[in-house]
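Worksheet: one structure, shown below.
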Amino acid sequence: MKKVFKFISVILSVLFALQAFIVPGFAFDSMSLTEEQWQSRYDSLIESNTLPLLCVGADETQLNITWHTDKNAAYPEVKLSKKSDMSDAVTFKGEAVESENDYQLVCRVTMTGIEENTTYFYQYHSGNGWSKAAKYESKSFDSYKMMVVGDVQIGGQSTDNPDEQSRIGYVWQSLLDEALTKNPDISFLLSPGDNTSTGKSADEWQTFMMPTYAQSLPMALAIGNHDKKGMAYNYYTNMPNEYYGEYFEGLDRDFWFRYGDVLYLVFDATSGSAADHRAMAEEAVNANPDAKWRIAAMHQALYGAGYSMLDSETGILLNGVFQPIFDMYDIDLVLTGHSHLQGRSKFIKNGLVVGAAKSGKTYTNPEGIIYLNSNACCDTSKTWGMPHCAYTFKDGDTTTYTTIEFDGDSMAVKTFRGDNSELLDSITIVKTKENTVDDFLLPLKKIPYAIVEFLGLAYMRIDAVVVKIRGGHF
Ligand SMILES: [Fe+2]
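Using the working numbering, the first residue of the sequence shown is number -2, and each one after it goes up by one.
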């Protein structure tokens, strides 16, 4: 019998060894949880306020991380190793800055020198010494897949409601579980904002970071109107190349990063400071003239499904601020959220539909921009198509996620149901020409845009008074 066990164990060892070659993209250990297991995790972690957020770095060779720790034991240090026992670890030091409370500091560290297709383990220095080692697997830098999930909005529409926080946390956990189990080759997650409900609550951010997937999945998180209700985003995120502009105030900031051949420009659309948004786009594009693709993200649903474009703030004001920037800087794809309605536009140029962008089709060097609007985790609602929509998801009771895959000259955008990964919509763009900014036309376009910049500034000033009177952002 012993020989049989030995034989089986040898066979299993060989199979496990082979698996590493057969499934090279497998990166996320299964972290599925039942609702009861989630609730138990939630109850055990919600009071700690020390969970880390792994963020994208300035490029694919960097990772940012941030966490809260006791003021008397704040060491902003992270160890990174290729071995699970943390031998030969490299230590990275960052900064410890004030938090929103008087008993903790916020640690912010950047890890550099990340190599592609490599397994890493990292530990951060918590108040109780080094944390348990968490695994991070980098993927290929040239050809890769990232994912988009919007309006996680932990807390939903409520204020200080632990039941609602936990419920939405489980929707978030389950969506990550479904998406990452089916797409283990995801490099990072980008959200067009509304990460939390009140923008003021530590508990909401703890719940956001609670799925164990979050410790292995770098995130790029835009600011949404709910985040803008307070300053918590400032203390719980560590985004790269944060741009504070000339006129931005309070929480306002844009940021950008480079991953492979793609430049990501993430705008804080809750600020009407057109001058700062345009300046950030110019800075990012000038620093990355060789990036083949340019993807923008902002919160409000420009060219989304349903009512979003009928909303005067989104349809007129924000469209007036952002759409010229997207056209001036030759953006390929814009990711939005806010309306909680999954949909994708046709090709849009200067506010007009210039191409059908049909689902399931491949387009080579198309004119115009695609606007993709994401669903939500906190709640979903039924929707309808608009003339500018190429795809509208009408099953309002189901979450969704989108993957964007870059391979050679192509970018494939696919949206799936969040409960069973059924493919809902896809479009592939092939680009065989350079991504450019027209050096002749750009200065000419900046002249009329100066009026938008002035009006944006005036709007900012008026909006600040309105927000003060009504006691916060909607
Ligand atoms: Fe929103």
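Ideal Cβ positions, reconstructed from N, Cα and C, are used throughout, including at glycine. For clarity, every value in this text was computed on a predicted model and none was experimentally measured.
Cβ neighbours of residue i in the same chain (closer than 8 angstroms, five flanking residues each side left out)
i	result
Val434	Val282, Met325, Tyr326 and Asp327
Arg38	Leu30 and Met207
Ala461	Glu246
Pro21	Annotation note: pLDDT 36 at Pro21 (below 50); position unreliable, coordinate value reported separately. Cβ within range, chain order: Asn114.
Gly348	Asn316 and Gln320
Gln154	Ser194, Cys375 and Asp376
Gly54	Leu60, Asn61, Thr107, Met108, Thr109, Ile111, Pro215, Pro237 and Phe254
Val449	Ala271, Gly317, Val318 and Pro321
Asn158	Gly152
Residues that residue i bridges to, as DSSP identifies them
i	result
Cys104	Trp64 and Ala93
Ala293	Leu262 and Val331
Val145	Leu187 and Thr399
Lys411	Thr400 and Ser423
Trp127	His122
Leu478	Nothing can be reported for residue 478: it is not among the residues displayed for the chain, which extend from -2 to 471.
Tyr256	Val259
Asp251	Tyr240
Met383	Per DSSP, none; premise fails for Met383.
Val474	Outside the shown range of the chain, which is -2 to 471, sits residue 474, and nothing can be said about it.
Leu50	Thr63
Tyr230	According to DSSP, which records beta bridges pairwise, Tyr230 is partnered with nothing at all.
Of the residues the options, the one placed nearest residue i, counting alpha carbons only
i	options	result
Tyr119	Ala86, Ala447 and Ala288	Ala86
Ala68	Leu369, Thr88 and Asn125	One point to set straight first is that residue 68 is Lys, not Ala, in the sequence displayed. It is Asn125 whose Cα lies nearest to the Cα of Lys68.
Glu431	Asn285, Ser37, Arg105 and Leu51	Asn285
Ile345	Lys355, Gln339, Ile367 and Asn362	Ile367
Gln320	Phe205, Asn417, Lys442 and Asn46	Lys442
Asp273	Phe323, Gly453 and Met306	Gly453
Gly221	Tyr210, Met277 and Gln297	Gln297
Ser342	Thr361, Ala266 and Gly382	Gly382
Gln36	Gly352, Lys411 and Asp160	Asp160
Ala131	Thr361, Ala229, Met306 and Tyr117	Tyr117
Gly357	Asp376, Gln339 and Ala387	Ala387
Val351	Lys226, Gly54 and His385	His385
Ala146	Gly196, Val94 and Met295	Looking at the sequence itself, residue 146 is Val, so the reference to Ala does not match. Looking at the Cα atoms, Met295 is the closest of the given residues.
Ala293	Asn192, Ala302, Val259 and Ala271	Val259
Pro440	Ile183, Asp82 and Ile322	Ile322
Leu172	Asn158, Asn192, Val149 and Asp157	Val149
Gln339	Ala373, Pro73 and Thr311	Ala373
Ser140	Glu57, Leu177 and Phe89	Glu57
Thr396	Glu450, Tyr446 and Gly334	Gly334
Gln203	Gly393, Ile43 and Gly365	Ile43
Cys52	Ser423, Ala217 and Ser184	Ala217
Leu177	Ser309, Arg164 and Met144	Met144
Tyr261	Tyr446, Gly196, Lys197 and Leu186	Leu186
Ile183	Met228, Phe390, Lys136 and Asn362	Lys136
Pro73	Ser41, Met83, Ser128 and Asp82	Ser128
Other residues of its chain near residue i: CB distance less than 7 angstroms, five sequence neighbours each side excluded
i	result
Phe252	Met236, Pro237, Asn238, Glu239, Tyr240 and Val263
Val463	none
Ala17	Because Ala17 sits at a pLDDT of 34, beneath the cut-off of 50, its placement in the model cannot be relied upon, and the following sentence gives the value as read from the coordinates. For Ala17, where only same-chain residues beyond five positions count, there are no Cβ hits under 7 angstroms.
Leu420	Lys411 and Phe413
Ala276	Gly242
Gly269	Leu314, Val318, Gly453, Tyr456, Met457 and Asp460
Thr66	Thr47, Gln101, Leu102, Cys104, Ser123 and Gly124
Phe451	none
Gly476	Missing from the structure shown is residue 476; the chain here goes from -2 to 471 and no further.
Gly196	His223, Asp224, Lys225, Lys226, Gly227, Ala229 and Tyr230
Sequence-distant residues of the same chain with beta carbon closer than 6 angstroms to residue i, five excluded per side
i	result
Arg105	Thr63, Gly91, Glu92 and Asn235
Ile19	Bear in mind that a pLDDT of 34 at Ile19, under 50, signals an unreliable position, so the number given afterwards is only what the model happens to contain. Correct list: empty, nothing qualifies.
Asp329	Trp290 and Arg291
Ala409	Glu402 and Thr425
Asp406	Val427, Lys428 and Thr429
Arg458	none
Met28	Thr209 and Tyr210
Ser305	Ala298, Thr311 and Ser336
Thr156	Thr195
Contact with chain B by residue i, beta-carbon distance below 8 angstroms
i	result
Ile292	Given the protein chain composition of this structure (a single chain), no chain B is represented.
query = Hey, which residues come within less than 7 angstroms of ligand 1, measuring from Cβ to any heavy atom, in chain order?
reply = Result: Asp148, Gly190, Asp191, Gly221, Asn222, His223, His296, Gly334 and His335.
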